[in-house]
Every structure is written in C-alpha cells, then in structure tokens.
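Numbering (the working numbering), first residue to last: -4 to 223. We treat Cβ as the ideally placed atom computed from N, Cα and C, and that holds for glycine.
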C-alpha cells in the first residue's frame, strides 16, 4: 500500500472519528509509512571434515539435484539456482557449475539412468555411490559436488497495529530449514556439511510477503561464508 493510499484512507475515516482518535491515527500513520523493521534469527552449524580453500579454487564445485520434503518439490530448481548465484558472487575465485550445467553434462554423457539410480540409492542409504559420483564429477569438470536438502519452508503474517478496522502494520514472517553437503568425487567422501534454520520477520504496511528467494539468499550467504 502506497503512502498516498494510506493518507486517503485516513482522510475518509476522519469524519467519523472522535477528536481523540485523529492524533492517534496520525501517530500510527507515521509509524506505518516511516518505519520498516526486519528481524533475522539464524542458527548455523557446520563441520569442515576434509575441505580446503586450495582444493575448491583448484578443482571447482558443481551443484547436483537438491532433496526436499514432500510438497516442496517445485522449489528445488530455484533453490539450487539461488545458491549457485550467491556462491559465484561471494567466491569469485572459484569455478562454480550450476545445476542446469551439471544436468546437461550428465545427459550429454548418457548418464541419466545412472544418475537416477544414484539418487534412489541415496534415498535408502544416505550415500552417493562413489563410482557414480566420479562420473558426474568427470563430465561436469569439477571435483566437488554440492547437494542441498530443503527440510522446510513456511510463510505467514500477523497484525501488529490497527484502528477502526484498519490493520496498518503487519509482521510478515518466514522460516526455513536447510542442509548443505559437499562430496569429493575422487573418493566418495563427505568433506563439508552445514545446516541452518532461519527465522525472518519484517514489520511493514505493505502486502508484500517475505519471499522464498529472500530467505534462501540469506541462508546461502551464511553457509557459503563458512566454507574454507
């Protein structure tokens, strides 16, 4: 809602307001149009098992298909896209292969069926078969592969200030839980992993929600900054 629209709605209510309500409405108007407050609470945990900055810079990293909970399958492409873009921005000295590039290389090499089976085995065991990882890394031209897991994402809103049936300020909220693993295609080992749960809240007078892209970008920056 624009400031002009808010002013118009205030004026329309002035005729029916008691004298004491007018100053209060003006105070609420000032708050709703002049203040926007964001609160971010993040819990980040990570473990560097056997990953080095030199290895990343020398051999590069590629993204493979993320995993997710049932009902969020439509988000996995954008999840990998956002992470790859943030990684390219924050680690410009490192070669980053996006998910579409990885999938294209796999398909050109006629490895689609083996890639599918690799994920079937992973869903049962939590392990990517080393021989399959090695082939994916070889055709992608990188040593390390990043696999994301989206454990949950929710959005919502609640009213903060209102008067005369008008909700002037709302708190827009989002919560995301995400896990990142990095695999070494040469030996099939997990060399780095990290997890984050993030709560994002924004006090606003607009109808704009806290978007999936916004919170994923925040999580991506936090986790990528923990890489060696």
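- At a Cβ-Cβ threshold of 8 Å, residue 106 and residue 137 do not count as neighbours.
- Excluding sequence positions up to five before and after residue 109, its CB lies within less than 6 Å of the CB of 127, all in the same chain and listed in chain order.
- DSSP places residue 181 outside both helix and strand once states are collapsed to three, so it counts as coil.
- Looking from the CA of residue 93, the closest CA among 148, 103 and 74 belongs to 74.
- The alpha helix (DSSP H) runs of length 4 or more contained entirely in the stretch 83 to 167 are, from start to end of the chain, 94 to 103, 107 to 120 and 125 to 135.
- A distance below 8 Å between beta-carbons, with the five flanking residues on each side excluded, links residue 64 to the following residues of its chain, in chain order: 145, 146 and 147.
- For residue 219, the three-state secondary structure derived from DSSP is helix.
- The beta carbon of residue 214 sits closer than 7 Å to the beta carbons of 171, 173, 191 and 193 from its chain, once the five residues preceding and following it are set aside; these are given in chain order.
- Taking 8 Å as the cut-off, the Cβ atoms of residue 169 and residue 131 do not count as close.
- Shown here for residue 186: same chain residues with a beta carbon closer than 6 Å to its own, the five before and five after excluded, namely 44, 45, 46, 177 and 179 in chain order.
- In the structure shown, residue 189 adopts extended strand secondary structure according to DSSP, grouped into three states.
- For residue 42, DSSP records a beta bridge to 188.
- Residue 206 is classed as exposed because its beta carbon has fewer than 16 other beta carbons within 10 Å across all chains shown.
- For the options 76, 48, 69 and 197, the alpha carbon positioned closest to that of residue 142 is the one of 76.
- For residue 117, the closest C-alpha among the options 89, 150 and 59 is that of 59.
- Residue 79 and residue 165 have their C-alpha atoms spaced approximately 32 Å apart.
- Burial state of residue 149 is exposed, judged by a 10 Å Cβ sphere holding fewer than 16 other Cβ atoms.
- If you draw a 10 Å sphere on the C-beta of residue 167, you find 16 or more other C-beta atoms in it, and that means buried.
- With contacts defined as CB atoms closer than 8 Å, residue 140 and residue 57 qualify as a contacting pair.
- Residue range 48 to 54 is occupied by the alpha helix (DSSP H) that includes residue 50, with no beta strand (DSSP E) assigned at that position.
- Beta-bridge annotation (DSSP): residue 35 is paired with 195.
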